[in-house]
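One structure below.
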Amino acid sequence: MTYQNYSLKQLQQIDAAHHLHPFTDHKEMREAGSRIITHANGPFIYDSEGTEILDGMAGLWCVNVGYGRDELADAAYAQMKELPYYNSFFKCSTPTPVLLAKKLAELAPKHVNQVIYGSSGSEANDTALRLVRHYWALEGKPEKNCIISRKTAYHGSTIAGT
Numbered sequence: 000m001t002y003q004n005y006s007l008k009q010l011q012q013i014d015a016a017h018h019l020h021p022f023t024d025h026k027e028m029r030e031a032g033s034r035i036i037t038h039a040n041g042p043f044i045y046d047s048e049g050t051e052i053l054d055g056m057a058g059l060w061c062v063n064v065g066y067g068r069d070e071l072a073d074a075a076y077a078q079m080k081e082l083p084y085y086n087s088f089f090k091c092s093t094p095t096p097v098l099l100a101k102k103l104a105e106l107a108p109k110h111v112n113q114v115i116y117g118s119s120g121s122e123a124n125d126t127a128l129r130l131v132r133h134y135w136a137l138e139g140k141p142e143k144n145c146i147i148s149r150k151t152a153y154h155g156s157t158i159a160g161t
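In numbering that gives the first Met the number 0, the protein residues as written are 0 to 161.
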């Protein structure tokens, strides 16, 4: 997607008009404008004004290997052309997650031999809650469904995780 035909002010106006940001005071954002991140390389992101920022949160913990990795972009491109996505519901799978699960099981301690995938920390926490509930239901104790956490602890942006 190209953005070069838009000024910073135009992008900020479009952003304020159409994009709801999590954990954001939208009134303040409309008044001050949003920071527009335009590109990244290694551990750094760059905004529309050229400011170099060390991305200590690694793209909200989703880019932990750094930005601009050609080998990852090439692998993603090849996979996107072959089969970009298919769900694993209803006994379906695809070769890539099957083989990755095998590799992960080989690297893990012997008693850890199955994996479940998630796309984000929030999704992983939600899945963990589901697995715990399912486990106790299988054990004949479905009433064991109380989750203990620290007050105001952050565990993702899902309802179950907060």
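We put the beta carbon where it would ideally sit given N, CA and C, even for glycine.
Whole-Å CB distance - N112 paired with A123, under 8 Å assumed: N112 to A123, Cβ: 19 Å. No contact.
Inter-residue CB distance, V114 and A127 (contact presumed, cutoff 8 Å): Rounded, the Cβ-Cβ distance is 13 Å, inconsistent with contact.
Sequence-distant residues of its chain with Cβ nearer than 6 Å to I36 (five each side left out): I44, D46
Residues bridged to N164 (per DSSP): Within the shown structure, residues of the chain are numbered from 0 to 161, placing residue 164 beyond reach of any answer.
Cβ-based burial, S33 [other Cβ within 10 Å; buried from 16]: buried
Straight-line gap, L82 to E30 (C-alpha atoms, nearest Å): 43 Å
Burial state of Q78, where buried means 16 or more other Cβ atoms lie within 10 Å: exposed
Distance between Y66 and A57 (C-alpha atoms, nearest Å): 9 Å
Cβ distance (whole Å) where Y76 is taken to contact P96 below 8 Å: Going by Cβ atoms, the distance from Y76 to P96 rounds to 18 Å, so no, they are not a contact pair.
In DSSP terms, what I52 is bridged to: I44
6 Å Cβ shell around K8 - same chain, five flanking residues per side excluded: none
DSSP state of Y116 mapped onto helix, strand, coil: coil
heavy atom of the ligand GDP below 7 Å from V64 C-beta: For the ligand GDP, the structure offers nothing, since it holds no ligand at all.
Cα-Cα separation, V131 to N144: 8 Å
Simplified DSSP assignment, three categories, for Y2: coil
Run of the alpha helix (DSSP H) containing A100, from where it starts to where it stops: 94-106
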